[in-house]
Amino acid sequence: MTSAPYDPLVLRYVAGLAAATLVTVALGIFLHLDPPADETWLTLPFLAVGVVAAEHLRIRFRRGADVSALTLVEAVLAPLLFTFPPQVVVPTVAVAEVLTAILRRTAWIKAAFNVAMWSLAAGVGSVALGLLVAEPGVSLESLRALVIALTCVAVVNNTAFTIVLAISGRQSLRSVLRGLAPIVVPGWLGGWVVNLLMGILFVLAVSGHPIAVALFPVPLALLHLAYRGYASARADRLRLTGLRSAAKALSEPLHPLDGIDDYLREVVNSFECRAAALVLMTDSGGYETHHLAPAATGPEAQRSRVRSATHLERALAGQREPVRIRARRSHTLAAPLEEAGWRDCLCAPLVDDHRRLGTVVVYDQTGLEGSTAADLAVLEALARETAHTIARGRLFESVLEERRKLGQIVSATSDGIFTLDDDGAVLSWNTACEQITGLESADVLGRDDTMQRLRARTLAGSPIDFGGWAADPALTHDIVITTATSGDRRLSCSTSAAADVHGRCDTLVVVARDITPVEQYEELRGQLNRLTETQAAQRLVVDHLQRAVAPEPPELDGVELAVTYVASDPSSPTGGDLYDWHVLPSGELHVAVVDVLGHGVAATKAALTVVHTLRFIAVEGTRLESVVTRADQLLSAQDTDLVATVVVARYQPRTGMLRVVAGGHPPALVVNRDGTVTQLAASGGAIGWPAVGSDNVVSLTLAENESLVLYTDGLIEARKNILEGMDSLTRHAAEIAYLPAAQLADELVDRALSGADRRDDSLALVLRRTPASVRVQTGRWRVEPGDHAGITTARHGLEAWLLERGADSDDPTLVAAELLANAVVAARRSVELTVTVDGERLVVQVADDGCGDASLDTRGRALPDLDSEDGRGLFLVRALSDEVTIKSTSRGTVIRCVLGWSEALAGPAEAAASGWLPAQR
139 MTSAPYDPLV
149 LRYVAGLAAA
159 TLVTVALGIF
169 LHLDPPADET
179 WLTLPFLAVG
189 VVAAEHLRIR
199 FRRGADVSAL
209 TLVEAVLAPL
219 LFTFPPQVVV
229 PTVAVAEVLT
239 AILRRTAWIK
249 AAFNVAMWSL
259 AAGVGSVALG
269 LLVAEPGVSL
279 ESLRALVIAL
289 TCVAVVNNTA
299 FTIVLAISGR
309 QSLRSVLRGL
319 APIVVPGWLG
329 GWVVNLLMGI
339 LFVLAVSGHP
349 IAVALFPVPL
359 ALLHLAYRGY
369 ASARADRLRL
379 TGLRSAAKAL
389 SEPLHPLDGI
399 DDYLREVVNS
409 FECRAAALVL
419 MTDSGGYETH
429 HLAPAATGPE
439 AQRSRVRSAT
449 HLERALAGQR
459 EPVRIRARRS
469 HTLAAPLEEA
479 GWRDCLCAPL
489 VDDHRRLGTV
499 VVYDQTGLEG
509 STAADLAVLE
519 ALARETAHTI
529 ARGRLFESVL
539 EERRKLGQIV
549 SATSDGIFTL
559 DDDGAVLSWN
569 TACEQITGLE
579 SADVLGRDDT
589 MQRLRARTLA
599 GSPIDFGGWA
609 ADPALTHDIV
619 ITTATSGDRR
629 LSCSTSAAAD
639 VHGRCDTLVV
649 VARDITPVEQ
659 YEELRGQLNR
669 LTETQAAQRL
679 VVDHLQRAVA
689 PEPPELDGVE
699 LAVTYVASDP
709 SSPTGGDLYD
719 WHVLPSGELH
729 VAVVDVLGHG
739 VAATKAALTV
749 VHTLRFIAVE
759 GTRLESVVTR
769 ADQLLSAQDT
779 DLVATVVVAR
789 YQPRTGMLRV
799 VAGGHPPALV
809 VNRDGTVTQL
819 AASGGAIGWP
829 AVGSDNVVSL
839 TLAENESLVL
849 YTDGLIEARK
859 NILEGMDSLT
869 RHAAEIAYLP
879 AAQLADELVD
889 RALSGADRRD
899 DSLALVLRRT
909 PASVRVQTGR
919 WRVEPGDHAG
929 ITTARHGLEA
939 WLLERGADSD
949 DPTLVAAELL
959 ANAVVAARRS
969 VELTVTVDGE
979 RLVVQVADDG
989 CGDASLDTRG
999 RALPDLDSED
1009 GRGLFLVRAL
1019 SDEVTIKSTS
1029 RGTVIRCVLG
1039 WSEALAGPAE
1049 AAASGWLPAQ
1059 R
């Protein structure tokens, strides 16, 4: 019932008991039931006080997890039933139970149940007695009726108690009775017999003279005191016997932990408890628990379980004094104790030399209840003995551990360690000595000629014998030995004489370090330094070579050029992929991409020869369709083994006219700003192949912001399947067509090589036609992560920059501020705001190096809910911009917004005066 004190079902059940009680009173009045004896109202207060006394002077006994108490309330009820009718008995019992609840501070729901239960039992018993008795006075017939009435009282009490347990625990009556089985015979039947006999005795006494009722507390008190004395004496004897047995069980083994099971069994037996635990502090400062609960079933019941301490056990280990804790009491650990399923516990701290080692705990004592003070005194004495034994065991364990560590150090060290007695015989020879000398320990132990066998000598070649160390302890430190495999080793030795307990030096400890590898290391380090210097010089040459073969882009109005190159070997920055661009005398732009068979510097040399040949032929005036054939003629005259694929383009910046030829090279791509990608079908044989030459010339006109992409096969062969690689490259170009030329080239190479199955030289060249009549001007501002003041600075700078160009700054400034507010939160190191005036467009771009968000592009496309903050900034940005492009990866996020622009651009002088960083392309 206590597990759910405010259960509505329990409340309704108590109300039902109260209603049944009223029915018994009504029956007594309606049937005019009279008791066998005459009513003696003077005895009524004494009988009520007797009920209260019987409730307090109870005999408690424990069995397993169950605590029961034998009271003589039914015995006191006997004269009350025998003397008064139901309408008097029931109120008297109810008042007595109320007084008992007040004095014992019983919870109100339990008090209400006790009042209702005892009132109903008394009412049923009184009605039964009134119905069975025909004649007044004390007779065999009336006493027989009294026995039946008291039986009814017991049945009603026990039935009501069983039902309330079933209701509160949501169990069946069968399961509740199965749990109560241990206390049915000693508690219910035994208690009924005792109450019956005492009740008859009380009835006979009151029948003799009513004043006898005043003496009822005397037998109750004597019975209670006799029980307490017997229980305490029995418990003390059992505890003291167990104290000696438990201490012996723990101290007998060499290591106390080996005797913990026997120790805990003795504790369980002597304290008559359901379980015992030894909570010990570990080296790390935590606690581990050895727990034994013999009441469990199975083979593990007689062995303790070792586990980490629970919250309750750690709290018990923190108690400074021995203490008994009961569930549902005011102690701070009462609630955790009840949650753990225990009724009560005793614990005593383990302290040795002011060091806290843990605690010993016993749970749910059973049997007769002894004195708490005596139990705690015995447990405290046991804790002192246990702490001393555990401390001794840990000291023993630390000695063994130190010896084990020392043995590991000696056997695992790279230094040879051996010991000699005073005659020079070898006493020990570690593993490192075996490795250094080639002699096994079995071959040298006990022998005094080991140094002679190793031909030990000084650096000058003089023999060394350690046999006379006792007489001449000044031994040479640096020696040379010849190993069992005839190799010479140089050793640096240190010696120390070890004294015995009497102070006599009878052992020499020699530590011999093999310094031969040190000399070898110095030689190898010198070689490594020379090799590093050579490689550094070679890398410098290669770096200069790379700069020499990478031409600077020409400054042409209406042309944006960019190239990205990644070598197959990270240690070699150049390879067989090379490019060239050059403005011809005709004003056309000559662009060539070459892929020579091979890698490294040698391939770079061949590729450089090819691009120079192609430039020479272009300047010479050779027709475009003959360029590849002419180059093959010139190159094959010098190197017949050279093989190279080429693609050559001629571009007229003024008109956008583009012509392309190829020799064995992958098709060029034309990428429109809207994502449309076209392959240029320029075909032909590669230089060095039999069918060398161009099959056709592809001609077209590039539209503004349209790009030509030339590349090498490293971008399409990275995943082995060329067709898939070509499709992937085309798809990537379409996805990022809006990027500036430099970023477009970078992204094409990065995406092609991401997760590649193989690695080859890779190159991407982008030629983009831009409006020739407009100078692209760019302003940039940097903001640090989390720097909201920097956002204000950047916003003011952007406003000034736009106002100097006669433009409305409201929309662009608001867009930039919204993007920066999000970027400074996501960035790891920096945020960059870039504003570009491109013809009739104003491009606002914010980039950060944060972790990215794959779902960012889906946000802000619809107006967020009124109570939602997420997506409002992006919704505003999209509403103010003609075009919004978002690219967010794990390397960062770039958001690019295009707004309308119709004002004339400011001049260079005005732009410089505004403080922005110009970037013209």
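Sequence positions in the sequence shown follow this note's numbering and run 139 to 1059.
Where is the CB? At the ideal position from N, CA and C, for every residue including glycine.
Runs of beta strand (DSSP E) with 3 or more residues, each lying fully within the region 886-940, are found at 900-907 and 915-921, listed in chain order. Cβ-Cβ separation between residue 653 and residue 630: approximately 5 Å, consistent with a contact (criterion under 8 Å). In the structure shown, residue 271 falls within a coil segment according to DSSP collapsed to helix, strand and coil. For residue 719, the secondary structure class from DSSP, reduced to helix, strand or coil, is strand. Counting along the chain, residue 876 sits inside no alpha helix (DSSP H), nor does DSSP assign it H or E at all.
Looking from the CA of residue 374, the closest CA among 952, 539 and 513 belongs to 513. One Cα belongs to residue 316, the other to residue 411, and the distance between them is close to 21 Å. In the DSSP assignment, residue 464 falls within the beta strand (DSSP E) that extends over 461-464. Note: residue 425 is bridge-paired with 419 in the DSSP secondary-structure output.
Per DSSP, the continuous alpha helix (DSSP H) segment holding residue 157 begins and ends at 146-168. A distance of 8 Å or more separates the beta carbons of residue 967 and residue 991. Under the 8 Å Cβ criterion, the region 520-539 does not count as touching the region 551-560, having fewer than three qualifying pairs. Taking C-beta separations shorter than 6 Å and ignoring five residues to either side along the sequence, the partners of residue 908 in its chain run 696 and 698, following chain order. One thing to note: residue 902 has its Cβ within 8 Å of the Cβ of residue 883. For residue 1021, the enclosing beta strand (DSSP E) starts and ends at 1021-1027. Minimum Cα-Cα distance from residue 179 among the listed residues 170, 227, 160 and 862 corresponds to 227. Annotation: residue 1019 to residue 840 spans about 27 Å, alpha carbon to alpha carbon. Shown here for residue 455: same chain residues with a beta carbon closer than 6 Å to its own, the five before and five after excluded, namely 417, 425, 496 and 497 in chain order.
Taken in chain order, the whole beta strand (DSSP E) runs of length 3 or more contained in the region 828-867 are 836-839 and 845-849. The Cβ-Cβ distance between residue 234 and residue 190 falls below 8 Å. Within its own chain, the residues whose Cβ lies closer than 6 Å to the Cβ of residue 789, once the five positions on either side in sequence are excluded, are 727 and 796, listed in chain order. Taking a C-beta distance under 8 Å as the contact criterion, residue 166 and residue 215 do not qualify as a contact pair. Distance from the CA of residue 982 to the CA of residue 971, rounded to the nearest whole angstrom, comes to 7 Å. The region 734-742 makes contact with the region 712-726; the number of CB pairs closer than 8 Å reaches 3 or more. Between the beta-carbon of residue 286 and that of residue 272 there is about 14 Å, and that puts the pair past the 8 Å contact cut.
Membership of residue 653 in any beta strand (DSSP E) is not indicated, and neither H nor E is assigned to it by DSSP. Residue range 493-503 is occupied by the beta strand (DSSP E) that includes residue 502.
Under the three-state reduction of DSSP output, residue 567 falls in the strand class. Under the three-state reduction of DSSP output, residue 222 falls in the coil class, being neither helix nor strand. At the C-beta level, residue 960 and residue 1011 come within 8 Å of one another.
In this structure, residue 820 and residue 810 do not form a Cβ contact; the two beta carbons are roughly 19 Å apart against a cut-off of 8 Å.
Cα atoms of residue 229 and residue 163: separation of roughly 9 Å, rounded to the nearest angstrom. By the Cβ-count criterion, residue 398 is buried, with 16 or more other Cβ atoms from all chains shown falling within 10 Å of its own Cβ. In terms of Cα proximity to residue 847, the closest of 805, 770, 904 and 626 is 904. When 155, 149 and 218 are compared, the shortest CA-CA separation from residue 294 is found for 155.
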